[in-house]
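If you're matching positions, the sequence shown starts at 185 in my numbering and goes up one per residue.
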Amino acid sequence: MTDRAATRSGDSKTTNQQTQSGYRGLIDTHNEELVIVLDFGSQTAQLIARRVREQNVFCQLVRHDLSVQRIRELNPKALILSGGPASVYGPGAPQPDPALFDLDIPILGICYGMQVACRSQGSNVIPGKSREFGRTKLEVIADDPLLVDLPVESTVWMSHGDQVEDLSEHFRPLARTDTCPIAAVKHHIRPIYGLQFHPEVTHTEFGGLLLSNFVKKVAGCHGTWKISSLIEREINMLQQRVGDDQVICGLSGGVDSSVVAALLSKAIGKQVSCIFVDNGLLRKGEREEVERRFTEHFKTDLHVVDARERFLSELAGVDDPQKKRKIIGRVFIEVFREEARSIPNAHYLAQGTLYPDVIESGSNPDGPAATIKAHHNVGGLPEELGFELIEPLRELFKDEVRAMGHELGLPDDLVWRHPFPGPGLAVRCLGEITQHQLDVLREADAILIEELHKAGLYRQIQQAFAVILPLKTVGVMGDDRTYEDVVAIRAVTTNDFMTADWFQMPHEVLGHISTRITNSVRGVNRVVYDISSKPPSTIEWE
Ligand code: XMP
């Protein structure tokens, strides 16, 4: 697929090498059936892993050149070779360990992965007449376990420049499209398959079925991996690891840290102390909401630190977005450290690092190399804090964390909450932050979210928020001319936050939001809607 979307540079990285202490290794299958995805640099490699996990089969991403010896140790039931931006015949094109295809493990090559597999067995890969990008009709031309229940004709998603030509005598074609006569293949003797299209993307009509057929019918997986058994396992592990020590948990109010807190609370109850820092950059009523929820759902100790003045005075006069982020990161660590010192016997620090952060940090020797996404999370606390890290979500994707939150009994509105960035409203008050702007932003944001809930749209959107612009525009109210703030509304749909589309919000809903904001938020006379996708824009405005 296309190259990964670039994100702004300089954001601090969450995942921390400190995890080495008590570190369980990226792949710890706990006797689960495992499918491994070899990542050749595709933008959708993570999506493949998620789709496989939807079949209740545990799946992890590894570097494309992981040695066959290491693969044997991991004992996977199947291997999937992802797509990638290179040409298999180009100089320096990423290649797997050549002995990979001699393993007697089912292999599915997708796009570039299919070309690598076919080429390794003597087929030719050439540049296609033109790049093929988008939906196309697939015609099935053979019977095979991979194709069970697939209709003869269906829609698939293509994204490739090269294609396989001159299939070696070892392979037989299973399906074709108008422009790609070899769109799916199977090796005669070895369990090697290839798909030129992308079954992992939702535009491929029966993509889920194809992946399910591969892991279950071809590779013989039973699909026993479940969130509930994962919770039990995590609780047991936490109990064993922590013993009688005390664990500190940084609570941000979002779903990840809440799920961590819920797990800890279930596993070790009173041995957990949660710290919530009010940095003055929170949304309307957020601190009160966290306190209320906390007492309802957790049996643990909560420390709320009121650091509003400290943050705001450090941010006074600063208008550069990266400087703001750095200040917030530094002050957060100072405040957190001071509070943590007041907790006796604290030996561990728990945080909600997710699997995509682990992959993207390149922090694991088996995992793919670090990619562009230097993600950012409030929990990025430095090594010198001197705690051992506990990261119970480091194997999970966001949707799995939500499922876990649901199983743990957290309320739906928390489980489905849109993400909120660590620097909070600071990156939504463009330029210098003032108390007035924060107040306006809180009110406007609360109206937006309320209207989205009312319209039943909140769950269709992955992130929505208001932004206050650093300029004033002319308006008219009654007979008077006004010169006031502009609020921008942003709402996006996205799978992974690395790319995103602006949400096609019904005009009626936009109208309600705009009218309510200009009528009831003092100081705002104009509301605009952001219709930019990512790329080229980012989701946040700063
Ligand atoms: P961008 O703006 O990079 O955002 O397209 C992608 C996702 O990351 C969130 N984001 C942040 N989260 N600290 C965070 O914890 C940050 O500095 C930060 N910047 C962006 C953003 O809200 C979106 O979900």
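The C-beta atom is built at its ideal place from N, Cα and C for all residues, glycine as well.
On a predicted model such as this, the values are computed, not experimentally measured, just so you know.
| Item | Value |
| --- | --- |
| For Arg235, verify whether its CB is less than 8 angstroms away from any heavy atom of ligand 1. | no |
| Could you spell out the range, first to last residue, of the alpha helix (DSSP H) harbouring Ser545? | Tyr539 to Ser545 |
| Measure the CB-CB distance between Pro528 and Arg247 and report whether it falls below 9 angstroms. | no |
| Any beta carbon from chain C within less than 9 angstroms of Phe495's own beta carbon? | In the displayed structure, chain C is absent; only one protein chain is listed. |
| What do you reckon, are the CB atoms on Val651 and Arg612 nearer than 9 angstroms? | yes |
| Taking a contact to mean a Cβ-Cβ separation below 9 angstroms, would you say Ala675 touches Ile645 in this structure? | yes |
| Report buried or exposed for Tyr539, applying the criterion of at least 16 other Cβ atoms within 10 angstroms of its Cβ. | buried |
| Looking at C-alpha atoms only, which residue of Thr386, Leu263, Val660 and Ala672 is the closest neighbour of Leu653? | Ala672 |
| Ser457 by DSSP, collapsed to three states: which one? | strand |
| Determine the DSSP secondary structure at Pro375, reduced to helix, strand or coil. | coil |
| From Pro269 to Gly501, what does the alpha carbon distance come to, in whole angstroms? | 44 angstroms |
| Taking the alpha-carbon positions, what's the Pro375 to Gln227 distance? | 26 angstroms |
| Residues in its own chain within less than 7 angstroms of Lys582 by CB, not counting five upstream and five downstream? | Leu538 |
| Who does His487 pair with in a DSSP beta bridge? | Ile459 |
| Using the beta-carbon count (16 or more within 10 Å), is Met588 buried or exposed? | buried |
| Based on the DSSP output, what are the partners of Arg247 in its beta bridges? | Asp223 |
| Could you check what DSSP says for Arg188 in three-state terms: helix, strand or coil? | Interpretation of Arg188 is limited by its pLDDT of 33, a score under 50 that renders its predicted location unreliable; the figure taken from the coordinates is listed afterwards. Here Arg188 sits in coil by DSSP. |
| Quick one: is Asn703 buried, meaning 16 or more other Cβ sit within 10 Å of its Cβ, or exposed? | exposed |
| Can you tell me whether Val332 sits near ligand 1, meaning its C-beta is under 8 angstroms from at least one heavy atom of the ligand? | no |
| For Val519 and Leu258, what's the separation of their Cα atoms in angstroms? | 42 angstroms |
| Given the structure, does Ile617 come close to ligand 1, in the sense that its CB is under 8 angstroms from one of the ligand's heavy atoms? | no |
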